[in-house]
Every structure is written in C-alpha cells, then in structure tokens.
Amino acid sequence: MVRTAIAYHLPSGWPWDAAGTAELLSRRTFQPCSPTQTESNGFVPPRDQAELCHDVHGRYLVCFQVEEKLLPSAVIQEHVDIRVADIEAEQGYKPGRREVREIKDAVTRELLEMAFTRKRQTLAWICRQRGLLIVAANSANKADEMLSAMREALENMPVSLVKTQFTPPSAMTSWLAADEAPEHFTIDTDCKLVSSTESKAAVSYTRHALDADEIRHHIYQGKRAEHLGLTFRDRMSFILGSELELKRIVMLDVLTESQEPADNEIEHFDAQFLLEASEIEQSFLALIEAHGGIEVPKRDDLVERAEGSANDGDPDPLYDQALEIVLKTRRPSISLVQRHLRIGYNRAARLLEQMEQTGVVSQMDSNGNREVLAA
Numbered sequence: 095m096v097r098t099a100i101a102y103h104l105p106s107g108w109p110w111d112a113a114g115t116a117e118l119l120s121r122r123t124f125q126p127c128s129p130t131q132t133e134s135n136g137f138v139p140p141r142d143q144a145e146l147c148h149d150v151h152g153r154y155l156v157c158f159q160v161e162e163k164l165l166p167s168a169v170i171q172e173h174v175d176i177r178v179a180d181i182e183a184e185q186g187y188k189p190g191r192r193e194v195r196e197i198k199d200a201v202t203r204e205l206l207e208m209a210f211t212r213k214r215q216t217l218a219w220i221c222r223q224r225g226l227l228i229v230a231a232n233s234a235n236k237a238d239e240m241l242s243a244m245r246e247a248l249e250n251m252p253v254s255l256v257k258t259q260f261t262p263p264s265a266m267t268s269w270l271a272a273d274e275a276p277e278h279f280t281i282d283t284d285c286k287l288v289s290s291t292e293s294k295a296a297v298s299y300t301r302h303a304l305d306a307d308e309i310r311h312h313i314y315q316g317k318r319a320e321h322l323g324l325t326f327r328d329r330m331s332f333i334l335g336s337e338l339e340l341k342r343i344v345m346l347d348v349l350t351e352s353q354e355p356a357d358n359e360i361e362h363f364d365a366q367f368l369l370e371a372s373e374i375e376q377s378f379l380a381l382i383e384a385h386g387g388i389e390v391p392k393r394d395d396l397v398e399r400a401e402g403s404a405n406d407g408d409p410d411p412l413y414d415q416a417l418e419i420v421l422k423t424r425r426p427s428i429s430l431v432q433r434h435l436r437i438g439y440n441r442a443a444r445l446l447e448q449m450e451q452t453g454v455v456s457q458m459d460s461n462g463n464r465e466v467l468a469a
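So for the sequence shown, our numbering puts the first residue at 95; every next one is plus one.
Structure, rendered in structure tokens:
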C-alpha cells in the first residue's frame with residue numbers, strides 16, 4: 095500500500111476531528127477535467143464507502159487525485175505545422191508569429207477535447223497523537239502539490255517538513271564509518287556515496303554486501319552517503335534518503351504474518367493501512383531521535399503570518415527569486431515557492447498574487463490551480 099513516505103511536523107497539532115477535516119476538504123473535491131482543461135485535481139475518498147477524511151483508529155487518512163490530459167507537445171506541433179503549411183499554400187506567405195500562436199491555441203483546445211486522460215492518487219494521513227502528517231508521495235513536488243490543495247481547503251494548516259539537528263547525509267555517513275546503525279536499526283545492502291567535490295563522483299551498492307573498510311576508504315576520500323538501506327526492528331525495510339524521506343518501503347514477513355485475516359476487503363484495507371502506518375510512524379520517530387531530534391523551525395515556517403516579509407504595499411525582496419522558481423519549474427504553486435524559499439504560507443501566497451497582478455500567472459481556476467502565462 096505505502097511504498098514511499100515524507101514526514102511533516104504539526105507544531106500546533108491538528109485542530110479538527112475527522113468530520114471537520116472532511117467538511118473542509120469538500121471545498122476541494124475532485125472534479126473531472128473539463129473539455130479544455132489540461133489537468134484537474136482534488137480530494138476523493140481513500141477507499142470505497144469512506145468519507146473524504148477516513149478515521150482509522152485515530153489516524154485521518156485522505157487521498158488526493160490528479161487527472162491529466164495526455165497531449166504530447168509533438169502532437170500539437172504536428173497539427174500546427176499542417177495548418178501553417180495549408181495557410182501558406184493558400185495565401186502564398188507564412189503566417190506571422192501572432193497568427194501561429196493563435197493557431198497553436200486553437201489546435202490545443204481542439205485536441206484537448208479528444209485527449210485521453212490518466213489519473214494518479216496520493217495518500218496521506220494525520221497522526222494527531224504523534225504530531226505528524228505523512229504523505230505517501232514519491233517526490234517532494236507531488237507532496238507539495240497535495241499540501242498546497244490541503245492548505246487551500248483548510249485555510250490554516252501550520253506544517254513544516256521534518257528537519258533534524260543532524261542532516262541525514264551526515265548521520266548516514268557516520269553510521270557507515272562506524273559500521274554501526276543507531277538503536278532499532280540495521281544497515282542493509284543498498285547505499286550511495288557521492289563526492290562533495292565538483293566532480294560529484296558516486297559509488298552505488300545495490301543488494302551488495304557493504305564492506306566496512308571499502309566504505310570507510312570512500313568516506314575518507316570525501317564522499318558522503320546520499321541514501322542508505324535500513325531495516326527497522328526486523329519488521330520493515332526501506333531506503334533512507336537525503337531529506338529523511340523513505341523509499342522502497344517493504345513490510346517484512348515477521349510483521350505481515352502477525353496480521354489477523356479480515357472478513358472483507360474494507361476491513362482488510364483498514365487493517366493493512368493501520369499496520370503500515372504504525373510502523374512508518376515509529377520508524378520516523380526513531381530516525382528523528384537518531385538525528386538529534388527535531389530542529390526548532392523558524393517562526394515564519396510555523397505560523398500563518400508573514401513575519402520578516404516586506405511591509406504591505408512594498409515590493410517583496412524575495413519576489414525575483416520566487417519568479418525564477420515559478421518560471422523554471424512552470425509550476426505556480428504556493429507550496430513549491432514556500433518550500434524553496436523557506437518562508438511562511440501567507441508570504442508565498444502573496445508572492446503568487448503579485449505574479450498574477452503582473453500577468454506572469456493566471457488567476458486560480460475553480461480547482462485552485464494556476465497556469466504560467468509568461469514565456
């Protein structure tokens with residue numbers, strides 16, 4: 095069920111119960127793509143016969159769904175070239191740039207109405223008792239996408255990526271140098287060491303016994319661990335990444351064999367989720383402790399105020415950096431800007447609003463999405 099996990103800290107707890115969370119998420123319920131939309135997203139029930147926020151023994155499970163139109167740029171360009179050639183044959187000259195742009199827009203609208211779609215879902219859950227929000231996303235961008243939608247629906251959701259006193263690369267490198275994992279963990283057979291020099295020379299081990307002397311030799315040459323395979327309490331194995339994310343999560347037989355059989359698929363889903371969620375939460379807590387505990391985040395990252403930002407009406411000194419991020423990624427996401435610049439949600443939202451006012455990005459559509467308008 096859960097193969098990847100990124101942990102977020104809820105410094106102020108979670109103020110809503112399951113019903114209240116579901117009611118707020120209904121503001122961003124998934125709606126299928128309209129004929130001319132390229133993408134649509136929103137929240138759906140995480141399983142059959144469930145609410146938008148499904149309470150599984152105190153853990154609030156939610157599901158974010160994205161629908162995308164499959165329309166390759168090469169297909170659009172092929173149709174544009176055909177129309178441009180037809181116009182040139184009829185009129186005796188090539189259309190200008192503006193006319194070609196209009197042709198491309200018209201072609202895109204027409205093809206979008208016929209395009210196939212694909213859907214992907216991302217699960218996340220809130221553990222109020224442990225103050226964690228865990229997103230089962232395979233990349234930070236997909237996690238940011240989901241968190242952005244949650245913030246739009248919930249309005250006030252102080253959350254920060256779990257940051258520890260010691261960085262994961264430093265901690266993993268020290269474990270390898272000592273040939274000893276922290277308490278509750280054992281080192282497995284996957285590892286990647288990357289040089290800190292400009293060459294970025296790397297050595298990877300995949301399902302290969304890690305020779306302590308060989309590993310130390312690479313470390314003494316200046317390489318640091320970028321990811322490391324670990325097993326937690328002989329119950330769950332995974333790859334620990336450089337941002338404390340877990341990948342390739344596998345529940346081991348000793349854990350799954352202890353699970354009692356369920357009477358139906360719904361009970362099996364809940365039981366499987368509860369089993370995996372508990373192990374993942376415990377592993378994150380143990381990893382946080384092994385990394386020296388949670389680093390105290392900046393106040394601007396925790397509260398829904400923009401302390402430290404420019405005064406109202408004045409240009410934000412981070413605007414140029416935010417603009418560069420949006421133009422480079424082509425993703426006008428509040429959460430993405432917040433993550434890259436390490437600022438509060440409200441300040442990131444104001445930066446996007448400034449871009450909207452200057453015509454860089456579009457207004458939010460009914461699903462809370464924007465488009466990049468600038469080239």
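Every residue gets a Cβ at the ideal spot worked out from N, C-alpha and C, and that includes glycine. Everything numeric in this text was worked out from a predicted model, so none of it was measured.
Close beta carbons around residue i, own chain, < 6 Å, minus the five adjacent residues each side
i, result
"ARG97", "ILE343"
"GLN259", "GLY386, GLY387 and GLU389"
"VAL420", "PRO426"
"PHE378", "ALA101"
"GLU320", "LYS286, VAL288 and SER336"
"TRP108", "ILE220 and ARG222"
"HIS302", "THR283"
"GLU339", "ILE100"
Burial state of residue i, where buried means 16 or more other Cβ atoms lie within 10 Å
i, result
"MET449", "buried"
"ARG191", "exposed"
"VAL455", "buried"
"LEU467", "exposed"
"GLU375", "buried"
"ILE382", "buried"
"HIS103", "buried"
"ARG393", "Confidence at ARG393 is low in this model, with a pLDDT of 44, below 50, so its placement is unreliable and the value that follows should be read with caution. By the neighbour-count rule (16 or more Cβ atoms within 10 Å), ARG393 is not buried but exposed."
"ARG195", "exposed"
"PHE124", "buried"
"LYS422", "exposed"
"PHE326", "buried"
"LYS188", "exposed"
"GLU361", "exposed"
"GLY114", "exposed"
"ALA247", "buried"
"MET208", "exposed"
Contact set for residue i: own chain, Cβ-Cβ below 7 Å, skip 5 residues either direction
i, result
"ASP238", "SER427, SER429, LEU430 and ARG433"
"LEU155", "PRO140, HIS148, LEU217, TRP219 and PHE367"
"ARG310", "ALA271"
"LEU227", "TYR102, LEU104, ALA218, ILE220 and VAL253"
"GLU230", "A small fix is needed here, since residue 230 is Ala in this sequence, not Glu. Closer than 7 Å at the Cβ level, and outside the excluded window around ALA230, lie VAL96, THR98, ALA99, THR216, LEU217 and ALA218."
"GLN353", "ALA365 and LEU369"
"LYS341", "THR98, PHE332, ILE333 and GLY335"
Assigned secondary structure, residue i (DSSP; H/G/I helix, E/B strand, else coil)
i, result
"GLU162", "strand"
"THR280", "strand"
"MET266", "helix"
"LEU150", "Note on residue identity: the sequence assigns Val, not Leu, to residue 150. Three-state DSSP puts VAL150 in a strand."
"THR115", "helix"
"LEU467", "coil"
"VAL253", "coil"
"SER120", "helix"
"VAL156", "strand"
"SER293", "coil"
"VAL454", "coil"
"VAL348", "helix"
"VAL397", "Interpretation of VAL397 is limited by its pLDDT of 41, a score under 50 that renders its predicted location unreliable; the figure taken from the coordinates is listed afterwards. DSSP places VAL397 in coil when its eight states are reduced to three."
"PRO391", "Below a pLDDT of 50, predicted positions are generally treated as unreliable, and PRO391, at 49, falls in that range; the measurement from the model is reported next regardless. In this structure, PRO391 counts as coil in the three-state DSSP scheme."
Residue range of the unbroken alpha helix (DSSP H) whose run includes residue i
i, result
"LEU417", "413 to 423"
"ASP357", "Premise fails: ASP357 is in no alpha helix (DSSP H) and is neither H nor E."
"GLN432", "428 to 435"
Extent of the continuous beta strand (DSSP E) run through residue i
i, result
"TRP84", "In the structure as shown, the chain begins at 95 and stops at 469. Residue 84 is therefore absent and cannot be evaluated."
"HIS103", "100 to 103"
"MET345", "340 to 345"
"SER134", "133 to 138"
Short CB-CB distance (under 7 Å) between residue i and chain C
i, result
"ASN463", "No chain C appears in this structure, which consists of one protein chain only."
Same chain, Cβ closer than 8 Å to residue i, five either side skipped, listed in chain order
i, result
"THR202", "LEU165 and ILE170"
"ALA90", "No answer is possible for residue 90: the residues shown for the chain start at 95 and end at 469."
"VAL263", "According to the sequence displayed, residue 263 carries Pro and not Val. Cβ within range, chain order: ARG318, ALA319, GLU320 and SER336."
"ALA243", "ARG122, ASN135, GLY136, PHE137, PHE158 and GLY462"
"SER290", "GLY316, LYS317 and ARG318"
**Prompt:** Taking only runs of the beta strand (DSSP E) that begin and end inside the segment 297 to 336, which ones reach a length of at least 3 residues, in chain order?
**Reply:** As far as the segment 297 to 336 is concerned, its whole beta strand (DSSP E) runs of at least 3 residues are 317 to 326 and 330 to 334.
**Prompt:** Which parts of the segment 169 to 248 are runs of the beta strand (DSSP E), unbroken and 3 residues or longer, counting only runs that do not cross its ends?
**Reply:** Along the length of the segment 169 to 248, whole beta strand (DSSP E) runs at least 3 residues long occupy 210 to 221 and 226 to 229, reported in chain order.
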